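See structure below.
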Amino acid sequence: MNMPKKLHTPKRFGLLLAGALVLLVVCMLASLAFGSRTVGWDELLDGLFRPAVQSYEADIVRQRVVRTVFSFMCGAALGVSGALMQSVTRNPIADPSILGVNTGAALFVVVGIAFFNISTASDYIWFALAGALLTAAFVFGIGSLGRGGSTPLKLVLAGAATSAALSSLVMAIMIPRSNVMDQFRFWQVGSVGAGTMDSIMTFLPFFIGGIVIAILAAPSLNILALGEELATGLGVRIGTLKLIASFAGVILCGAATALAGPIGFIGLLAPHLVRLVIGADERYIIPMSALTGAILLTFADVAGRLLGSPGELEVGIVTAFVGAPILIALTMKVKVRGV
Amino acid sequence: MNQSIQPIIHNSRKRRQRTVFVTLVLFALALTLSATMLMLGNTIYPVTDVIRVLFGEQVPGASFAVGTIRLPRMLAGVFAGLAFGIAGTVFQTMLRNPLANPNVIGITTGSSAAAVFGIVVLQASDTFVSIISIIGGLLTVLAIYFLSKGAAFSIGRLVLVGIGIQAMLTAVINYLLLISRQNDVGTAMRWLSGSLNGVKMETLPPLMIAVALCLPVILRLSRQLQILELGEMTATSLGVKTNQTRVLLIVASVLMLALATATTGPIAFVAFLAGPIAKRLVGDGRSTIIPAALVGVILVLAADLIGQFAFTARYPVGVITGMVGAPYLIYLLIRMNRRGEL
Chain Y
1268 MNMPKKLHTP KRFGLLLAGA LVLLVVCMLA SLAFGSRTVG WDELLDGLFR PAVQSYEADI
1328 VRQRVVRTVF SFMCGAALGV SGALMQSVTR NPIADPSILG VNTGAALFVV VGIAFFNIST
1388 ASDYIWFALA GALLTAAFVF GIGSLGRGGS TPLKLVLAGA ATSAALSSLV MAIMIPRSNV
1448 MDQFRFWQVG SVGAGTMDSI MTFLPFFIGG IVIAILAAPS LNILALGEEL ATGLGVRIGT
1508 LKLIASFAGV ILCGAATALA GPIGFIGLLA PHLVRLVIGA DERYIIPMSA LTGAILLTFA
1568 DVAGRLLGSP GELEVGIVTA FVGAPILIAL TMKVKVRGV
Chain Z
409 MNQSIQPIIH NSRKRRQRTV FVTLVLFALA LTLSATMLML GNTIYPVTDV IRVLFGEQVP
469 GASFAVGTIR LPRMLAGVFA GLAFGIAGTV FQTMLRNPLA NPNVIGITTG SSAAAVFGIV
529 VLQASDTFVS IISIIGGLLT VLAIYFLSKG AAFSIGRLVL VGIGIQAMLT AVINYLLLIS
589 RQNDVGTAMR WLSGSLNGVK METLPPLMIA VALCLPVILR LSRQLQILEL GEMTATSLGV
649 KTNQTRVLLI VASVLMLALA TATTGPIAFV AFLAGPIAKR LVGDGRSTII PAALVGVILV
709 LAADLIGQFA FTARYPVGVI TGMVGAPYLI YLLIRMNRRG EL
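Written out as structure tokens, the structure reads:
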């Protein structure tokens, strides 16, 4: 079988990749420089490359490095997670926040804080992952009942309903426990500001594992895009593929959510932007979605810091504000059967 | 000829009797719950004390507890329940889909966001907050309408657009609560899922007036609404001015919704639940407006009583209605999916 190996000339892809990398570096530098106290170029270099230099500004930069790396990882994870979910469900409106996976993770984290006294990043992550996996399975299950499999409408509705149900439970657990509420409130907005070295290290294995699986699954996902029957005919084990790919997707977004709180719409936005530019080849979409997700999240974080100065506007609010109109625009394009 | 019509007339009479019976039972239930709301609390007052307070007598202790705290709470619950119940069932009937209700498509969130904006940013008076809340609700309806009409209108698209708008408006509310430094739990709960805590008598008149004005309008149009449910073509050929009726119905519903939201916050899922429950109770082919209004009241009051007294902690009403409403929404989705209705 002659799969079209090169949907795009490597040269053009190379150019796009270079462009994305430059953009990413710019965003990351901005993330290091801007904030309630803006740092100049020299101090930036001091902070990054001259560990001997001790100054207030250099210290700020060093502090921001952690935050920047963390936002890079979260953005990349969310971008890839969105790309995987969209391609597994063959559904343009798939995103961890829309499918309610974030709320599932949130519920389990709250249960953990309330009943199991968890408080460290590494504890959060296991609870969040379990919640994310169960919720994803539940929502996909409801969303694909009946004729026609999982249509955008069914999935979004199932996600919204599940999300509403789970957030009522979250409230019910939290309200009598003010200590849980305090811990949870800061987590719940969705912010990369709380990222520490510890959270980066906790995140790392899930991050690498998820992305490696995604890249390995990409060629098979390409075949899946041709249709399930054709893919089966071509020797792809659809069940296994879908399971593994969605598992990777949920791991990535679940881990990011555990550490940063629910951040919506990056997973929706990044793959769509990528597809607009480079077309439908998953082998390119997945790495590019990682970069684009990282760019978007880092940019949103910087924007939130500038808009909310002297404090900051949590990145979860920024992404929801920018992402929701895009969701609306997408719903106007997708095919929706008349109800 | 006459004989063949006989059973139909008989059936219709039976259905009417059923509606009357159901309505009376619902009314009695709503009344009992209202009375219970006034009697129950940290101190339980007997009916006689409550009645004396209501007639303006000074009863030590009871006057304050019942008159100043419980009465506004009960009235807010009653009128918000009426408003949410009626508006919900109007939208569901008009769009012929239980999913198309102000909770799911984000109209209550629109009013809520506008109210929070008025309170936090403009620090406006109660009257002004009511007005912006109405504007917010109407703008949300317009936005959903224009965004979802396009070439291929379907309720599905409308619901999707509504969910998108809701996501954005929730972000707005979160943001406003954050900058106001009022990010305390009580306020957040009120504006995100609804609560009757701390309602004062002074804030109630706009909502009460709106319900008093809009309810007759909607009842007047209930016949047309039922015909609209049969479809555009049938309605037009039966002489219903479809567009005019729709606009009137929407404006009246949104008016009530917005004022209820400005008073209690968007009490989760009441507008979604009231219609289907009422329909189940009265059966097909009867107007559900009055029964749905009463079901709305019962839901809000019962949920508030449960939230206040059933557990060791006190929960705002929206958390309780949310825990009931969201699983029902999931159930409805499963059923609709199975039947291939989505």
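As you go down the protein sequences, you meet chains Y and Z in turn.
Residue numbers for the first sequence follow this note's numbering, beginning at 1268 and rising by one.
Residue numbers for the second sequence follow this note's numbering, beginning at 409 and rising by one.
C-beta atoms are modelled at their ideal positions from N, C-alpha and C, and glycine is treated no differently.
Keep in mind the model is a prediction, meaning the values are calculated, not measured.
Per DSSP, the unbroken alpha helix (DSSP H) holding alanine 575 of chain Z starts and ends at 563–587. Under the 10 Å beta carbon count, methionine 641 of chain Z is surrounded by fewer than 16 other beta carbons and is classified as exposed. With a beta-carbon spacing of about 5 Å, leucine 604 of chain Z and aspartate 712 of chain Z fall inside the 8 Å limit used to define contacts.
Legend: CB atoms of the segment 1434–1449 of chain Y lying less than 9 Å from CB atoms of chain Z belong to residues Ser1434, Ser1435, Leu1436, Met1438, Ala1439, Met1441, Ile1442, Pro1443, Arg1444, Ser1445 and Met1448. In chain order, Pro1363, Leu1519, Cys1520, Ala1523, Ile1530, Ile1533, Gly1534, Ala1537, Gly1560 and Leu1564 place their CB closer than 8 Å to the CB of leucine 1345 of chain Y, counting only its own chain and leaving out the 5 sequence neighbours on each side. What threonine 1598 of chain Y touches in chain Z, judged by beta-carbon distance under 7 Å, is Arg565, Leu568, Val569 and Gly572, going in chain order. For the segment 1509–1520 of chain Y, no residue has a beta-carbon sitting nearer than 8 Å to a beta-carbon of chain Z. Assigned with DSSP and collapsed to three states, leucine 1540 of chain Y falls in helix. Minimum Cα-Cα distance from lysine 422 of chain Z among the listed residues Z/Ile742, Z/Leu709 and Z/Gly693 corresponds to Z/Gly693. With its beta carbon less than 8 Å from one in chain Z, isoleucine 1595 of chain Y belongs to the interface.
DSSP, reduced to helix, strand and coil, places lysine 422 of chain Z within a helical segment of the structure shown. Around the Cβ of alanine 1596 of chain Y, a 10 Å sphere holds fewer than 16 other Cβ atoms; the residue is exposed.
In the three-state scheme derived from DSSP, where H, G and I count as helix and E and B as strand, glutamate 1549 of chain Y is classed as helix. Judged by DSSP in its simplified three-state form, phenylalanine 719 of chain Z adopts coil rather than helix or strand. Proximity of proline 735 of chain Z to chain Y, defined by a Cβ-Cβ separation below 8 Å, is satisfied. Close to leucine 434 of chain Z, with beta-carbon spacing below 7 Å, lies no residue of chain Y; the smallest spacing is near 25 Å. A distance below 6 Å between beta-carbons, with the five flanking residues on each side excluded, links threonine 1370 of chain Y to the following residues of its chain, in chain order: Ser1430, Leu1433 and Ser1434. Burial check for proline 624 of chain Z: the Cβ neighbour count within 10 Å stays below 16, so the residue is exposed. Chain Z has a Cβ within less than 8 Å of the Cβ of threonine 1429 of chain Y. A Cβ-Cβ separation of about 6 Å places leucine 657 of chain Z in contact with methionine 502 of chain Z under the 8 Å criterion. In this structure, Z/Gly518 is the residue among Z/Arg746, Z/Gly518 and Z/Ser442 with its C-alpha nearest to the C-alpha of leucine 663 of chain Z. Judged by their CB atoms, isoleucine 1480 of chain Y and glutamate 1495 of chain Y are not nearer to each other than the 8 Å cut-off. The contact set of phenylalanine 1566 of chain Y on chain Z, defined by CB atoms closer than 7 Å, is empty, because the minimum CB distance reaches about 17 Å. The Cβ neighbour count for tryptophan 1454 of chain Y, taken over all protein chains shown within 10 Å, is at least 16; the residue is labelled buried. Under the Cβ criterion (8 Å, minimum of three pairs), the segment 1333–1348 of chain Y counts as touching the segment 1468–1478 of chain Y. Counting along the chain, the unbroken alpha helix (DSSP H) around threonine 1598 of chain Y starts and ends at 1582–1600. Across the segment 457–482 of chain Z, no CB contact with chain Y closer than 9 Å is found for any residue.
Less than 8 Å separates the beta-carbon of serine 1458 of chain Y from that of alanine 1527 of chain Y. Rounded to whole angstroms, the separation of the alpha carbons of glutamine 466 of chain Z and threonine 1586 of chain Y is 55 Å. Of the other Cβ atoms in all chains shown, fewer than 16 fall within 10 Å of the Cβ of serine 1445 of chain Y; this residue is therefore exposed. In the DSSP assignment, serine 630 of chain Z falls within the alpha helix (DSSP H) that extends over 630–636. Contact of alanine 495 of chain Z with chain Y is not assigned, every C-beta pair being separated by 8 Å or more. Interface criterion not met: the Cβ of alanine 1361 of chain Y is under 8 Å from no Cβ in chain Z. Excluding sequence positions up to five before and after methionine 597 of chain Z, its CB lies within less than 6 Å of the CB of Ser603 and Pro724, all in the same chain and listed in chain order. Nearest neighbour of glycine 1302 of chain Y by Cα position, chosen from Y/Leu1574, Y/Arg1550, Y/Val1293 and Y/Gln1321, turns out to be Y/Leu1574. Counting only Cβ-Cβ distances below 8 Å, threonine 644 of chain Z has no contacts in chain Y at all, with the closest Cβ about 19 Å away.
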